[in-house]
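Chains G and F supply the protein sequences, listed in that same order.
The first sequence maps to residues 6 to 102 in our numbering.
The second sequence maps to residues 23 to 507 in our numbering.
Note that the Cβ used here is the ideal one computed from N, Cα and C, for glycine as well.
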Amino acid sequence: MISYIAGTENLICRFEDRMDTVQCLASEKEIFGKIQSVGTPIVFDLEKVAYIASSFLRICIRACKEVGAERFSLIHVCPEIKKVFKIASLDRQINIQ
Amino acid sequence: MMETNVVSETTSAPVDVNVIMEKAACAAAVFSQLDQAHTDRIVRAVYEAGFNNRILLAKHAVEETGVGNWRDKVLKNVVATQLVYDDIKDVKTVGIISEDKELGITEIAQPLGPIFAVIPVTNPTSTVMFKILIALKTRNPIIIHPHSRAIQCSQEAARICYNAALAEDAPEDCIQWLDKTSRDETHALMQHPKLALILATGGGSLVNAAYSSGTPALGVGAGNVPVFIERSADIPFAVEQILISKTFDNGTVCASEQALVVERPLAERVIEEFKKRNARVLSEDEVRRLEKVAYDAERMIMTMAVVGKTAPEIAKMAGIDVPPETTLLIAPLDGIGRAHPLSAEILAPILAFYVAEDFEHAVNLCIDLNYFGGIGHTVSLFSNDEKKIKTFASVMNAGRVVVNMPSSQGAVGGIYNTLHPSFTLGCGTGGKNITTDNITTKHLLNIQRISRRRVNRRLESFDKARYLDESLDAKAIEKEFNRNF
Numbered sequence: 006m007i008s009y010i011a012g013t014e015n016l017i018c019r020f021e022d023r024m025d026t027v028q029c030l031a032s033e034k035e036i037f038g039k040i041q042s043v044g045t046p047i048v049f050d051l052e053k054v055a056y057i058a059s060s061f062l063r064i065c066i067r068a069c070k071e072v073g074a075e076r077f078s079l080i081h082v083c084p085e086i087k088k089v090f091k092i093a094s095l096d097r098q099i100n101i102q
Numbered sequence: 023m024m025e026t027n028v029v030s031e032t033t034s035a036p037v038d039v040n041v042i043m044e045k046a047a048c049a050a051a052v053f054s055q056l057d058q059a060h061t062d063r064i065v066r067a068v069y070e071a072g073f074n075n076r077i078l079l080a081k082h083a084v085e086e087t088g089v090g091n092w093r094d095k096v097l098k099n100v101v102a103t104q105l106v107y108d109d110i111k112d113v114k115t116v117g118i119i120s121e122d123k124e125l126g127i128t129e130i131a132q133p134l135g136p137i138f139a140v141i142p143v144t145n146p147t148s149t150v151m152f153k154i155l156i157a158l159k160t161r162n163p164i165i166i167h168p169h170s171r172a173i174q175c176s177q178e179a180a181r182i183c184y185n186a187a188l189a190e191d192a193p194e195d196c197i198q199w200l201d202k203t204s205r206d207e208t209h210a211l212m213q214h215p216k217l218a219l220i221l222a223t224g225g226g227s228l229v230n231a232a233y234s235s236g237t238p239a240l241g242v243g244a245g246n247v248p249v250f251i252e253r254s255a256d257i258p259f260a261v262e263q264i265l266i267s268k269t270f271d272n273g274t275v276c277a278s279e280q281a282l283v284v285e286r287p288l289a290e291r292v293i294e295e296f297k298k299r300n301a302r303v304l305s306e307d308e309v310r311r312l313e314k315v316a317y318d319a320e321r322m323i324m325t326m327a328v329v330g331k332t333a334p335e336i337a338k339m340a341g342i343d344v345p346p347e348t349t350l351l352i353a354p355l356d357g358i359g360r361a362h363p364l365s366a367e368i369l370a371p372i373l374a375f376y377v378a379e380d381f382e383h384a385v386n387l388c389i390d391l392n393y394f395g396g397i398g399h400t401v402s403l404f405s406n407d408e409k410k411i412k413t414f415a416s417v418m419n420a421g422r423v424v425v426n427m428p429s430s431q432g433a434v435g436g437i438y439n440t441l442h443p444s445f446t447l448g449c450g451t452g453g454k455n456i457t458t459d460n461i462t463t464k465h466l467l468n469i470q471r472i473s474r475r476r477v478n479r480r481l482e483s484f485d486k487a488r489y490l491d492e493s494l495d496a497k498a499i500e501k502e503f504n505r506n507f
C-alpha cells in the first residue's frame, strides 16, 4: 500500500508493511508517474515499513537520481531498515532522516 | 536481473569490480532482514534445484573439462546438495542461536557479508552448489569465480541455484558469477573493501592470492594423503576401500590416497588383492616413464594432462601397455621427495607404493609423505588396533585422520562418517589455514555475544591491595584467591 501527500514543498510517498519484490514491481510505475508529475522534492516515509526487498533499494536509487540527491530523502526509518541502507552503503548517497 | 549477474571479460576491471561489489553489498543488506523461515525456504529451493540438475551438471562438467567421469560427478553433486542440505537444514543461522541464562551469554548469528568463492576445475559444479548453499543459509551473498577451464558448467550451476533462490524471493544478486577474469580483476575483487570473505578452493596460486589479499580467507591447502594398511587390518576390505576412493572420479579428490604404505609381511598379499581388482603394478622402467607424463619437474607439480584421466588413458600417454579394464597404476617407490615425483600429489588413479620393515618405519614413511606437500590435509589408516590408531594419529599433521574407509569420500564427510559434508577442507596452520574443520555454515557467521553481568565472586571478595605486595608470588596469591571457594 502506498499513499501520497502532495504539498507545495514536497511529495510524501507513504509506504506500508513489506515492500517486497512483488509489491515493488506492482508499484514502481505508479511511484515514478507521481514523481514525474510534480516538480517538488520527494520524501519516502517508511514509518510503517517492516521489510524492503532489493527492488525497493532500486526504486530509492532511481528516485534519487531522477530528482537529485539533495531533493530526495527518507524519513521515519526504523533501525532495521536503516541498517539495510548502511550495509548497502546507500546512506552515503541518500539522505536518511 | 539474472543476465546482469555475469561479468563480461571485455569490460574494464575497475568498473566491473565496483558494480559487482555494489550489487553484492545491496544483496547483503536485504539479506540482513530475512528471518530463519524465509532463509530456510530459499536454501530448500536451491538444494532441490541443484539436486534435480545433478546429472545434467555432472555431464556438463566432464564435457567441458575432460576431467573425471560423469557418474562420480553425479555423486559429488549429490553430496554437495542432498547431504550438505541434510547437514545444515536444522542449523540455526539467524538471530538468537543460543542462550545460557546461568552464564549470562546469548549468542546472535550475524551474516558476514559478500563472499568470493574460488572454484576448482576438479569439482566445478559440486563446489559451486556447496558454497552457495552454505552462503545462503548464513544470509551471505556469494560471487562465484569459476576455473578458466570450467566456466560454462560452473556458471550453469550458479544460474540454476540463483533462479531457484529468486523464486523464493531471495535478494537480487545474492548469487553472482564471473566470466573469464584477468588476474588483475580477480585481485581487485579479492581486495575490495566491501568483500567480507574469500572461500578459496583450488590451485595454490589462487589460494595464496586469497591469503595475501588482506581480506579474511578460508583456503584449502594441498593434499598428499598417505594410507597405511597396518597389520591388524582386514586386507581385502582395505584394498577394496582404497580402490573405491582412488578411482572415484578418476582420482580428482584432493583427499584421495596418494601413497600406500604396508609392512613387509603384508606386501605380497596386498599387491595380490590389488591385482585381483585389475590394478597394474608398474616396473621400474614404467615408473620412470610415468613420472615424465604425470609430473612437471620444472614447476614441481602434477601435470594437468593426467588429472582426472583413467588408468588406461594415463598408461597410454606414458607408453605403457595395459588392458582397458585397468583400474589403477601402482608405482613401487623407494624414496619420498622431489627425486621421486610420484611421491607427490597427483590427482589421478596413480598410487605410490612403499614397503616398510615394521610399524615404526611405516609411520615414519607416512610422516614424510604427509610433510611432502600435504601438511594439515588428510591421512588414512586401515587398522583394528585402537592403540596403533591413536599412535598413528598423534604424530600426523592432518585435519582428518580417516580410519577404515575410503579417504576421498571419508574426508569429504557425510558418507562414511559424521564429519560435516564439505568441499572445502580446512588444513590448519600447516596448510596456512585458520582451521582444520570441514568448512560449513558455522564458519560463515559472525557470532555476537550479549554478555550479562555475572560478577567473578572470587575476584570481588579478594583484597586487590594484595596484588601490590611484591612479596606475594603467584602461588601465594592463588592460595588466598581460592580460599573458601
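Beta-carbon gap between residue i and residue j smaller than 8 angstroms
i: ARG471 of chain F; j: ILE127 of chain F; result: yes
i: ALA244 of chain F; j: GLY396 of chain F; result: yes
i: PRO258 of chain F; j: GLU295 of chain F; result: yes
i: HIS399 of chain F; j: VAL247 of chain F; result: yes
i: ALA337 of chain F; j: THR325 of chain F; result: no
i: ALA58 of chain G; j: ASP191 of chain F; result: yes
i: PRO163 of chain F; j: PRO193 of chain F; result: yes
i: GLY226 of chain F; j: THR144 of chain F; result: no
i: PHE394 of chain F; j: GLY359 of chain F; result: yes
i: LEU240 of chain F; j: PRO136 of chain F; result: no
i: VAL261 of chain F; j: VAL292 of chain F; result: yes
i: ASN99 of chain F; j: LEU125 of chain F; result: no
i: ALA157 of chain F; j: GLU285 of chain F; result: no
i: ILE264 of chain F; j: PRO371 of chain F; result: no
i: ASP57 of chain F; j: VAL116 of chain F; result: yes
i: ALA50 of chain F; j: ILE17 of chain G; result: no
i: VAL68 of chain F; j: ALA187 of chain F; result: yes
i: GLU279 of chain F; j: LYS297 of chain F; result: no
i: VAL283 of chain F; j: TYR376 of chain F; result: yes
i: LEU523 of chain F; j: LEU403 of chain F; result: What the structure shows of chain F is the stretch from 23 to 507, and residue 523 of chain F is not part of that stretch, so it cannot be assessed.
Residue i in three-state terms, based on DSSP
i: ALA319 of chain F; result: coil
i: HIS362 of chain F; result: strand
i: ALA370 of chain F; result: coil
i: LEU219 of chain F; result: strand
i: LEU350 of chain F; result: strand
i: ASP491 of chain F; result: coil
i: ASP38 of chain F; result: helix
i: PRO248 of chain F; result: strand
i: ARG479 of chain F; result: helix
i: ILE342 of chain F; result: coil
i: PHE484 of chain F; result: coil
i: THR103 of chain F; result: helix
i: GLN213 of chain F; result: coil
i: HIS383 of chain F; result: helix
i: ALA378 of chain F; result: strand
i: VAL192 of chain F; result: According to the sequence as given, residue 192 of chain F is Ala; it is not Val. Three-state DSSP puts ALA192 of chain F in coil, outside helix and strand.
i: CYS65 of chain G; result: helix
i: THR325 of chain F; result: coil
i: ARG1 of chain G; result: Outside the displayed span of chain G (6 to 102) sits residue 1 of chain G, for which this structure offers no information.
i: GLN198 of chain F; result: strand
i: THR13 of chain G; result: coil
Reference residue i, options the options, closest by Cα
i: HIS169 of chain F; options: F:SER148, F:PRO142 and F:SER267; result: F:PRO142
i: THR462 of chain F; options: F:ALA46, F:THR203, F:ASP485 and F:ASP108; result: F:ASP108
i: LYS202 of chain F; options: F:ASP38, F:GLY236, F:ARG310 and F:VAL65; result: F:ASP38
i: VAL423 of chain F; options: F:ILE64, F:ARG66, F:ALA139 and F:PHE250; result: F:PHE250
i: ARG171 of chain F; options: F:GLY224, F:GLU313 and F:ASP191; result: F:GLY224
i: HIS465 of chain F; options: F:ASP380, F:THR446, F:THR274 and F:ALA277; result: F:THR446
i: THR48 of chain F; options: G:ARG63, G:ILE99 and G:LEU30; result: Inspection of the sequence shows that residue 48 of chain F is occupied by Cys rather than by Thr. The shortest Cα separation from CYS48 of chain F among G:ARG63, G:ILE99 and G:LEU30 belongs to G:ARG63.
i: THR208 of chain F; options: F:SER234, F:SER54 and F:TYR376; result: F:SER234
i: PRO345 of chain F; options: F:VAL377, F:SER430, F:ILE77 and F:ARG299; result: F:ARG299
i: ARG488 of chain F; options: F:ILE323, F:GLU500 and F:VAL65; result: F:GLU500
i: ASP380 of chain F; options: F:LEU351, F:LYS410 and F:SER402; result: F:LYS410
Beta-ladder partner(s) of residue i, from DSSP
i: ASN468 of chain F; result: F:GLN132
i: LYS159 of chain F; result: DSSP output for LYS159 of chain F lists no bridge partner at all.
i: SER120 of chain F; result: F:GLU129
i: HIS167 of chain F; result: F:VAL140
i: ASP474 of chain F; result: Going by the sequence as given, residue 474 of chain F is Arg instead of Asp. Answer by DSSP bridge pairing: none, since ARG474 of chain F is not bridged.
i: PHE49 of chain G; result: G:CYS18 and G:LEU79
> Can you list the beta strand (DSSP E) stretches of 3 or more residues lying completely in the stretch 403-461 of chain F, in chain order?
Replying inline: 420-425
> Where in the stretch 44-98 of chain F do unbroken runs of the alpha helix (DSSP H), each at least 4 residues long, occur, reported from the N-terminal end onward?
Replying inline: 58-74 and 76-87
> In chain order, which beta strand (DSSP E) runs of at least 3 residues are fully inside the stretch 286-319 of chain F?
Replying inline: 301-303
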